[in-house]
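Asks:
Numbering (this note's numbering), first residue to last: 266 to 1380.
(1) Do residue 662 and residue 599 count as a contact pair if the criterion is CB distance below 7 Å?
(2) Suppose only complete runs of 4+ residues qualify. What are the alpha helix (DSSP H) ranges in the segment 416-488, listed by chain order?
(3) Using 8 Å as the threshold, is the segment 1357-1366 in touch with the segment 1117-1132, meaning 3 or more CB pairs across them?
(4) Alpha carbon to alpha carbon, what distance is there between residue 754 and residue 828?
(5) Excluding five sequence neighbours on each side, which residues of the same chain lie with their C-beta closer than 6 Å to the C-beta of residue 903?
(6) Among the candidates 1360, 510 and 855, whose CA atom is the shortest distance from the CA of residue 429?
(7) Exposed or buried, which one is residue 1101 when buried takes at least 16 other CB atoms within 10 Å?
(8) Check residue 807 in the structure and name its three-state DSSP category.
(9) List the endpoints of the continuous beta strand (DSSP E) containing residue 1069.
(10) Is residue 963 buried or exposed, if buried means 16 or more other CB atoms sit within 10 Å of its CB?
(11) Give the secondary structure of residue 1060 by DSSP, where H, G and I count as helix, E and B as strand, and everything else as coil.
(12) Whether or not the segment 451-470 and the segment 842-860 are in contact is what I'm after, with contact meaning three or more pairs of Cβ atoms, one per stretch, closer than 8 Å; do they touch?
(13) Output the residue ranges of the alpha helix (DSSP H) runs that lie fully inside the segment 1002-1041 and measure 4 residues or longer, sorted by chain position.
(14) Within the same chain, show all residues whose beta-carbon is closer than 7 Å to that of residue 930, passing over the 5 residues directly before and after it, in chain order.
(15) Counting Cβ pairs closer than 8 Å, one from the segment 801-814 and one from the segment 573-584, do we hit at least three?
(16) Just confirm the distance between the C-beta atoms of residue 700 and residue 868, as a whole number of angstroms; I'd bet it's less than 8 Å.
(17) Would you kindly work out how many angstroms separate the C-alpha atoms of residue 826 and residue 938, rounded to a whole number?
(18) Is the beta carbon of residue 810 closer than 7 Å to that of residue 800?
(19) So which of 1372, 426 and 1314 has the shortest CA-CA distance to residue 757?
(20) From which residue to which residue does the beta strand (DSSP E) around residue 1142 run?
(21) Counting Cβ pairs, one atom from each stretch, are 3 or more of them under 8 Å apart for the segment 891-910 and the segment 429-440?
(22) So what's residue 371 in DSSP terms, helix, strand or just coil?
(23) Just the C-alpha distance for residue 1376 and residue 370, rounded to the nearest angstrom, thanks.
(24) On the premise that residue 497 lies in contact with residue 881, defined as a C-beta separation below 8 Å, what is that separation, rounded to the nearest angstrom?
(25) Roughly how many angstroms lie between the CA atoms of residue 697 and residue 506, to the nearest whole one?
(26) Let me know the secondary structure DSSP gives residue 648 once reduced to three states.
(27) Measure the C-alpha to C-alpha separation of residue 459 and residue 912 and round it to an integer number of angstroms.
(28) Per DSSP, which residues does residue 1168 bridge with? Please list them.
(29) Going by the DSSP bridge assignment, what does residue 246 pair with across the sheet?
(30) Suppose you measure from the CA of residue 1104 to the CA of residue 1010; what does that come to, to the nearest Å?
(31) Alpha carbon to alpha carbon, how far is residue 1370 from residue 1351?
(32) May I have the straight-line CA-CA distance separating residue 851 from residue 493, to the nearest angstrom?
(33) At which residue ranges does the segment 909-935 contain complete beta strand (DSSP E) runs of 3 or more residues, listed in the order of the chain?
(34) With residue 1337 as the anchor, note down where its beta strand (DSSP E) starts and where it stops.
(35) Quick check: what's the CA-CA separation for residue 521 versus residue 514?
(36) On the three-state DSSP scale, how would you describe residue 1091?
This is the structure in structure tokens:
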């Protein structure tokens, strides 16, 4: 085990401040090496006693000693050292590749093995900068003095108890029955209690400024989740304002001043539409008035909060008082029944069909509602004639035993009659007219999940305490205690209300949503003591206060989100009046609130805000669970009574309630949150808040990296993971940005991309330049849409720096397998031979590291990401097989829109002994099995005699190389020497031309490329008998040339001639890159060979495989 801890005595001397400015990775000059262990003065910790030595526990880890860990492919093509290659490279055409023929066979020998395709292997600053800026502008405020009761408990009570309790709870109990109502209340209260536990843990894990749940979620789950859920919470609060305003108007028009209605229905079937239109008109007026009040004087809203809270408490006390009174003296609220059907008691006073007046039987007002006229022989409704009229007590009292009748549900469709099953009834002949009669009917279809959505808003409001954390004397203690106590109190109220309503009130009256059977009284008001008006007035002011609170809180929440800067298009809403009031946010809030007003139905608006609140609570639970499971060092809540299982249970319950309430609303709410999340991720400001999602990502990345390191990727999963070697100019600007463009076109955002650069010097002196270089590279990557990582290395020389990058870039299984670099186009003009030596050493190191190499020539002429190449070709020259990279790269490029219209052409070279026709057939079959569409052409290169031009080029190359090796020339001397060699070369060309014209016709010697092209058609016959010694006789120094160099130059010239002839007009040419010579003395000659090979071509990508198969025919 390589881990060990060493106790090092640290001198408490000075210099701490200076050392803190040094990079962490630099060893201090005072570092001492003792017994093989590293001892250094601690740059951070300063002992209290400056003379005391403080023992520091130092961590020392030995480097892990791993091999490359890449299993070799068992392939007949790569690293195959059998002797079946025979004489495939005996000639002079392929001499440039001869040293690698043992590992990279000729394509012709490869295709010979493709007769049986089964030979192919299957696997062939950190926290809040904005807050710091704003803190200097804030005025000093008085220290907070609010305690748990006034600061958390009462605000939560006020926000939780509200409109649903007064207007809908009796109807929910009557419709769902006591048992299912208790289930609804239990589900919703359990959800909020579990959320409160999670919220308490988050709220006590440090200071929670204004913003409440938004702040907690965003700092725990990151800006994307925080913004998405914060906006959902804002929308929920805004629609809550709509719901409270609609509740206010419903109480006003239904129970206080019904005659104030503007729209009055002539027919019974139009009553619902008339009510909704009245709600829209009065709701809009009320919204406007409340918005003006909030805009003008929000301080008055806060001062009236206690008044509204008092109304809520008085109303609840009057309910309990009324329940107790029913034991002794039930209130008199008779309900008139026709058969077993409940009648609307608006237009008649007596529950009688007829009455005797002065010994004369006369029709009553009820008779006139069901019959054509007051005459006793008038035509009447059939059901009216067959059934009697009875009157039952609407509130029989707590001891009446009615609780047993209200235990079970009575769901029904729209228009279902409100019936008492205990009364007898005779059905009429024609029931189609029942809907027009004055019966109490369902105004909406009822079912369990609908009631859950309608009820849930009555348990929201648990965030009121955490929103006021800045005003609390001890927020760490007050928030958990006050919130949980408030939920516990309201839960008792709700549970007891469900049972008491079911035990005191007749079922038909409970199901009468608007109190039509008791002359339009509020149903819950009939139970209250001393008067129904206590509940009516109390609930009216309660709804008004809750609406004002929503219109006050929602704009501030939006302002907090806007000022965080994570949603760019919302930044305008961060501004406000001089005193900070969010004017623009208030306007937007009022506009969104108006949408809820136009919906007009309290029952339709309630599920909408339920969705947004449930989503908010879901992410509060998720935040707590993630932080707990990750065990982040900063997760130290003072509230200890939480557990990740409770948070997950709360999260699951929230998700279940969302889909139970309304699956389509749930999908819409999640889609809205998802769109906001992706928008913030794409366009939002980058924030580092130390959130849990980042920690979760790190854990997931660590797990994935460990899994990746277990085995090398299968051939089917292989894709180029690029290390891009960039060059920078003296100003640290990127020299070849098109290299990044090509990277993004090749990768299309998939896989790994590391953009590397090396600075010469030491890290101590080059730290600033390294940071600037990294910033410039990242800016270039962003401009070219290259997704990846930047890695700038400072090294004593470029050679070592590039070696370090090739060896150490990446982490674990996420390491590069391909190096991409630009061709050093100015290597000949450079006075420093190190420029081309670095290049050849990079080629060697990638080969030794089993990494592929891509070298782009004329990279500045490559297309940008905005270009769209038209009809053209990507030409692949497949000379030797080195793993299939040449096949794979064009396919990957053509996935990008820049290269999509280009066609792929594959050229391969046939030797004298090869059957070119069979090679073409085999190659077409191979491409068919690879599922690649490409044109195939086999180019024949016969063993021609080596031309004089080849000898002359080789002579000039060797002379220049030898002179540079023997002499340490100055800059001017090198230029003079190069000019001398050039003049000598020109003179020798002229003399050779003269001798060529005077010599025999059968000898054609060429010294220019143009003459080579004209000679190509006839040189096979006329040069067949040229003797090499004749050439040596004409220029004796040719005889001393290295024949290996001559043959390689011949290969470069002939191959270049063929490639230029076939592919000069191609958009891109991909060509096998021959490896450097094993003898380092010939590196400059190697550069000359490559220069000749690439001459006359515009866009070229030299490709060198990494020693493994990267493409397979298998599925």
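Backbone N, C-alpha and C fix where the C-beta goes; we use that ideal spot for every residue, glycine too.
Replies: Per the coordinate set shown:
(1) The count along the chain shown starts at 1 and reaches residue 599 at position 334. The count along the chain shown starts at 1 and reaches residue 662 at position 397. Remark: C-beta atoms of residue 599 and residue 662 do not approach each other more closely than 7 Å.
(2) Fully enclosed alpha helix (DSSP H) runs of 4 or longer: 419-425, 428-432, 434-468 and 477-486.
(3) They touch, by the three-pair rule.
(4) On the chain shown, position 563 is the one that residue 828 refers to. On the chain shown, position 489 is the one that residue 754 refers to. Straight-line Cα distance between these residues: approximately 36 Å.
(5) Translated into the one-based positions of the chain shown, residue 903 becomes position 638. 469 and 741, listed in sequence order.
(6) Here the question's residue 429 lines up with position 164 in the chain shown. Nearest C-alpha to residue 429 among 1360, 510 and 855: 510.
(7) Your numbering for residue 1101 matches position 836 in the chain shown. Classification of residue 1101: buried, given that the 10 Å Cβ count is 16 or more.
(8) Taking the first residue of the chain shown as 1, we reach residue 807 at position 542. DSSP places residue 807 in helix when its eight states are reduced to three.
(9) The residue labelled residue 1069 in the question sits at position 804 within the chain shown. No beta strand (DSSP E) holds residue 1069; the alpha helix (DSSP H) holding it covers 1063-1073.
(10) Translated into the one-based positions of the chain shown, residue 963 becomes position 698. Exposed, because fewer than 16 other Cβ atoms sit within 10 Å of the Cβ of residue 963.
(11) As a first step, residue 1060 is located in the chain shown; it is residue number 795 there, counting from the start. In this structure, residue 1060 counts as strand in the three-state DSSP scheme.
(12) No contact exists between the segment 842-860 and the segment 451-470.
(13) Whole alpha helix (DSSP H) segments, 4+ residues: 1002-1012.
(14) Numbered from its first residue, the chain shown carries residue 930 at position 665. Within the same chain, Cβ atoms closer than 7 Å to the Cβ of residue 930 are found at 872, 873 and 876, the five residues on either side in sequence being excluded.
(15) Under the 8 Å Cβ criterion, the segment 801-814 counts as touching the segment 573-584, having at least three qualifying pairs.
(16) For the purposes of this step, residue 700 is identified with residue 435 of the chain shown, where counting begins at 1. For the purposes of this step, residue 868 is identified with residue 603 of the chain shown, where counting begins at 1. The beta carbons of residue 700 and residue 868 sit about 20 Å from each other, so the pair does not count as a contact at 8 Å.
(17) Position 561 of the chain shown, counted from the start, is the residue given in the question as residue 826. Position 673 of the chain shown, counted from the start, is the residue given in the question as residue 938. Rounded to the nearest whole angstrom, the C-alpha separation of residue 826 and residue 938 is 14 Å.
(18) Walking along the chain shown from the start, residue 800 turns up at place 535. Walking along the chain shown from the start, residue 810 turns up at place 545. Cβ atoms of residue 800 and residue 810: not closer than 7 Å.
(19) As a working note, residue 757 is residue 492 in the chain shown. When each option's Cα is compared against that of residue 757, the closest is 426.
(20) As a working note, residue 1142 is residue 877 in the chain shown. That run of the beta strand (DSSP E) goes 1137-1143.
(21) As far as the Cβ criterion goes, the segment 891-910 does not touch the segment 429-440, which means the pair count is below three.
(22) In the chain shown, counting from the first residue as 1, residue 371 sits at position 106. Residue 371 carries a strand assignment under DSSP once its states are collapsed to helix, strand and coil.
(23) What you label residue 1376 is simply residue 1111 of the chain shown in a count that begins at 1. What you label residue 370 is simply residue 105 of the chain shown in a count that begins at 1. So the alpha carbons of these two residues sit roughly 16 Å apart.
(24) Mapped onto the chain shown, residue 881 falls at position 616. Mapped onto the chain shown, residue 497 falls at position 232. The C-beta distance from residue 881 to residue 497 rounds to 6 Å, short enough to fall under 8 Å.
(25) One-based indexing of the chain shown puts residue 697 at position 432. One-based indexing of the chain shown puts residue 506 at position 241. Near 40 Å, if we compare the C-alpha coordinates of residue 506 and residue 697.
(26) Position 383 of the chain shown, counted from the start, is the residue given in the question as residue 648. The three-state reading of DSSP puts residue 648 in helix, counting H, G and I together.
(27) The residue labelled residue 459 in the question sits at position 194 within the chain shown. The residue labelled residue 912 in the question sits at position 647 within the chain shown. One alpha carbon belongs to residue 459, the other to residue 912, and they sit about 7 Å apart.
(28) For the purposes of this step, residue 1168 is taken as the residue at position 903 of the chain shown. Paired residue(s): 1138.
(29) The question about residue 246 has no answer, for the chain in this structure spans 266 to 1380.
(30) Residue numbering aside, residue 1104 sits at position 839 when the chain shown is read from its first letter. Residue numbering aside, residue 1010 sits at position 745 when the chain shown is read from its first letter. Cα atoms of residue 1104 and residue 1010: separation of roughly 24 Å, rounded to the nearest angstrom.
(31) Position 1105 of the chain shown, counted from the first residue, corresponds to residue 1370. Position 1086 of the chain shown, counted from the first residue, corresponds to residue 1351. Straight-line Cα distance between these residues: approximately 18 Å.
(32) By 1-based counting over the chain shown, the position of residue 851 is 586. By 1-based counting over the chain shown, the position of residue 493 is 228. Rounded to whole angstroms, residue 851 to residue 493 spans 20 Å at the Cα level.
(33) Inside the segment 909-935, DSSP marks no whole beta strand (DSSP E) run of 3 or more residues.
(34) Counting from 1 along the chain shown, the entry for residue 1337 is found at position 1072. Per DSSP, residue 1337 is one residue of the beta strand (DSSP E) stretching across 1333-1337.
(35) On the chain shown, position 256 is the one that residue 521 refers to. On the chain shown, position 249 is the one that residue 514 refers to. About 10 Å.
(36) Within the chain shown, residue 1091 is the residue found at index 826, counting from 1. Residue 1091 falls in the coil class under three-state DSSP.
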